[in-house]
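Before any comments, here is the structure.
Numbering (this note's numbering), first residue to last: 5 to 379.
So this is what it looks like as structure tokens:
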């Protein structure tokens, strides 16, 4: 049975600290200054975020982390999502570090992650394949070393990375290769929401035996699920921030001599937005609880159903926020315009809604396909 547990005191403390930090460091002008820097510039607040414990929060204590449960990490991730941070916390920690912690012995993982958790390095995970367990990179043993081949077309957070961990097919198994960023052909760029990413080409990269760390599918799935949970939580924070920002706006903007929030049609819109937010919150909470002990098949279905709910409700909240703000809701002069871009990017990062729907309810989806074929 999946239970809904309240966040711990430590989780709420991290959330409060994050809210104060973002209020002090992420106004529109400061954000614009950060966006003006090259994509491969060192993220402005990476070291400070490490000192605040954000990087260590979701990792096991044996690996140098704080040992917070997925449920306890949610409040922090929601704040980081709503705050539109540009530092690659989710891809580096929930994606890369979580995979390393799941794949390697605790002592080895702790040694490898120490520098990143101290804010001294940025490390990212590169897969680039059709799925997490079908990577685009392969490794071949020749003349006493491993030679990599393949390309990861978009590694979020990779533009300023110091280390790129390549998930590669090694014969009939999976392996993690720890590759310095200056050993690969890395092209950094900014996404349209301001985040940084990189194309990483591993063709011809030579690795020694001690750069390879064996892993199994289970570890990679765990890391993938943690990265997905991070995107869900960040999107939830964004959706709720869009709702709050729009609510404040309709109380102030006047039309026909009174605030537009006084009109019943607008009140109905705001009520719908609130319901959409609450539905997503319930599903994200369920997805986090499923990470602790739920069978793999159930986790997969819950995460898929949560993503479908996020796509549907997120788009509805986004649409109403833009319409109620008018044309300036899409400009960079209002924070809502930046929120819209980030939410769209998060939704698009998940891929096809139909694929998620099929994973959430395979029997229902297949029966509908059968009905369509016989119609």
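Built from N, CA and C at the ideal position, the CB exists for glycine as well.
Computed from a predicted model, the values in this text were never measured in an experiment.
- Message: At 4 residues or longer, what runs of the alpha helix (DSSP H) sit wholly inside the region 46-87?
- Response: Segments of the alpha helix (DSSP H) lying fully in the region 46-87: 50-55, 74-86.
- Where residue 351 sits in the DSSP three-state scheme: One-based indexing of the chain shown puts residue 351 at position 347. Helix at residue 351.
- Message: With distance defined between alpha-carbon atoms, name the residue in 66, 22, 112 nearest to residue 57.
- Response: The count along the chain shown starts at 1 and reaches residue 57 at position 53. The option with the nearest alpha carbon to residue 57 is 22.
- Tell whether a beta-carbon distance below 9 Å holds between residue 250 and residue 329. Walking along the chain shown from the start, residue 250 turns up at place 246. Walking along the chain shown from the start, residue 329 turns up at place 325. Yes. Within cutoff.
- Quick one: what's got a C-beta closer than 8 Å to residue 338's C-beta in the same chain, skipping five residues either side? Within the chain shown, numbered from 1, the residue matching residue 338 stands at position 334. Closer than 8 Å at Cβ, skipping near neighbours: 329, 332.
- Which of the three DSSP states, helix, strand or coil, is assigned to residue 337? Stepping through the chain shown from its first residue, residue 337 is reached at position 333. Here residue 337 sits in coil by DSSP.
- Count the CB pairs spanning the region 259-269 and the region 105-114 that are closer than 8 Å, and state whether there are at least three. no
- Query: With distances taken between CB atoms, is the gap from residue 207 to residue 189 smaller than 9 Å?
  - Reply: Start at 1 with the first residue of the chain shown, and residue 207 comes out as number 203. Start at 1 with the first residue of the chain shown, and residue 189 comes out as number 185. Cβ distance < 9 Å, so residue 207 and residue 189 count as in contact.
- Message: Quick check: residue 349 and residue 196, are their CB atoms within less than 9 Å of each other?
- Response: Taking the first residue of the chain shown as position 1, residue 349 is located at position 345. Taking the first residue of the chain shown as position 1, residue 196 is located at position 192. It is a contact, given that the beta carbons lie within the stated cut-off.
- residue 96 versus 36, 231, 14, residue with shortest Cα-Cα distance: The residue given as residue 96 occupies position 92 in the chain shown. Nearest of 36, 231, 14 to residue 96, Cα basis: 231.
- Counting along the chain, where does the beta strand (DSSP E) carrying residue 151 start and finish? What you label residue 151 is simply residue 147 of the chain shown in a count that begins at 1. Its beta strand (DSSP E) spans residues 149-153.
- Task: Return the CA-CA distance between residue 288 and residue 236, expressed in angstroms with no decimal places.
- Result: Translated into the one-based positions of the chain shown, residue 288 becomes position 284. Translated into the one-based positions of the chain shown, residue 236 becomes position 232. Going by the C-alpha atoms only, they are around 7 Å apart.
- Task: Return no unless some Cβ of chain B is closer than 9 Å to the Cβ of residue 308.
- Result: Reference to chain B is not applicable here, since this structure consists of a single protein chain.
- Report, in whole angstroms, the separation of the C-beta atoms of residue 153 and residue 142, which I expect to be a contact under 8 Å. Along the chain shown, one-based indexing puts residue 153 at 149. Along the chain shown, one-based indexing puts residue 142 at 138. For a cut-off of 8 Å, the C-beta gap from residue 153 to residue 142 is around 6 Å, short enough to register as a contact.
- Message: In whole angstroms, give me the CA-to-CA distance for residue 282 and residue 199.
- Response: Within the chain shown, residue 282 is the residue found at index 278, counting from 1. Within the chain shown, residue 199 is the residue found at index 195, counting from 1. Here the alpha carbon of residue 282 sits roughly 27 Å from the alpha carbon of residue 199.
- Message: Applying the 10 Å Cβ sphere with the 16-neighbour rule, what's the burial state of residue 157?
- Response: In the chain shown, counting from the first residue as 1, residue 157 sits at position 153. By the neighbour-count rule (16 or more Cβ atoms within 10 Å), residue 157 is not buried but exposed.
- Message: If the criterion is Cβ atoms closer than 9 Å, does the pair residue 59 and residue 93 meet it?
- Response: Taking the first residue of the chain shown as position 1, residue 59 is located at position 55. Taking the first residue of the chain shown as position 1, residue 93 is located at position 89. Going by C-beta atoms, residue 59 is nearer than 9 Å to residue 93.
- Message: On the criterion of 16 or more Cβ atoms from any shown chain inside 10 Å, does residue 201 qualify as buried, or is it exposed?
- Response: Here residue 201 is taken as the residue at index 197 of the chain shown, counted from 1. So residue 201 counts as buried.
- Item | Status (buried if at least 16 other CB within 10 Å, exposed otherwise) for residue 259 | For the purposes of this step, residue 259 is identified with residue 255 of the chain shown, where counting begins at 1. So residue 259 counts as exposed.
- Message: Checking 9 Å against the spacing of the C-beta atoms, do residue 74 and residue 221 come in under that value?
- Response: Start at 1 with the first residue of the chain shown, and residue 74 comes out as number 70. Start at 1 with the first residue of the chain shown, and residue 221 comes out as number 217. No, these two residues do not count as a Cβ contact at 9 Å.
- Message: Counting beta carbon pairs with one atom in the region 211-230 and one in the region 172-181, are three or more of them shorter than 8 Å?
- Response: Verdict: yes, contact present.
- Item | Neighbourhood of residue 83 by C-beta distance below 7 Å, restricted to the same chain and skipping five residues each side | Counting from 1 along the chain shown, the entry for residue 83 is found at position 79. Excluding residues within five positions, the ones whose Cβ falls inside 7 Å are 19, 22, 23, 26, 241.
- Task: Note down the Cα distance separating residue 85 from residue 67, rounded to an integer number of angstroms.
- Result: Numbered from 1 along the chain shown, position 81 holds the residue referred to as residue 85. Numbered from 1 along the chain shown, position 63 holds the residue referred to as residue 67. Between residue 85 and residue 67, the C-alpha separation is close to 25 Å.
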